[in-house]
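The sequence shown begins at 472 in my numbering and counts up one residue at a time. Here the structure is laid out as structure tokens; the discussion comes afterwards.
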Amino acid sequence: VYSKTHGNAFFVIQFLQSLIEQNLLQYNFGTLRWHWDIDGIRTLDATDNVAHLMKRKLQQHRRRSQLVLQVAACLGQSFKKATLHQTWKNLAATNKVDDTHNDNVLEIVRAFVEEGLMEQHGPLISFVHDQIQGAAL
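Below is the structure:
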């Protein structure tokens, strides 16, 4: 893990999550031990770039969710929910984004909070890491 992440704590967490998603790292509840595919892990791209890993992760989301994240990233590291909502409505009014779906922008943001990409503190939403904001742009 260190050779892939160079000890960056945020990147370690993201890298381990990607290993779990790819079934290269699994917890066996029968033996109460972790098991990993070292050969599979070694063949992974050795990326030093958190943004590259984040871009790949963000590309797995639906297009609309990606657009919401891009608009949020343009608002800055932290922004008010109301500002994002109004910005999205303004973009929809000028046909810059498709607002025909029933997905509420704030519900999409809530999903990003649950996923650990963003944090909510009252009316403020923040990206948990500047690399996530950068990857969204």
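Beta carbons are placed, not taken as given, at the ideal position from N, Cα and C, and that holds for glycine.
| Query | Result |
| --- | --- |
| Alpha-carbon to alpha-carbon, L562 and S474 | 43 Å |
| Rounded separation between L588 and D510 - CA only | 29 Å |
| Within 8 Å, strictly: CB atoms of L540 and Q485 | no |
| Which listed residue (Q531, A480, L595, Y498) has its alpha carbon closest to that of V580 | L595 |
| Own chain, CB closer than 7 Å to V599, minus 5 neighbours either side, in chain order | G587, L588, M589, E590 |
| Residue burial classification, I603 (beta-carbon count within 10 angstroms, cutoff 16) | buried |
| C-beta atoms of V542 and T565 nearer than 8 Å | no |
| Within 8 Å, strictly: CB atoms of Q537 and S597 | no |
| Secondary structure of K528, DSSP reduced to three states | helix |
| One or two residues paired with R504 in a DSSP bridge | N499 |
| Where the alpha helix (DSSP H) through K551 begins and ends | Segment 549-551 is the beta strand (DSSP E) holding K551; no alpha helix (DSSP H) there. |
| Which of helix, strand or coil DSSP assigns to H477 | coil |
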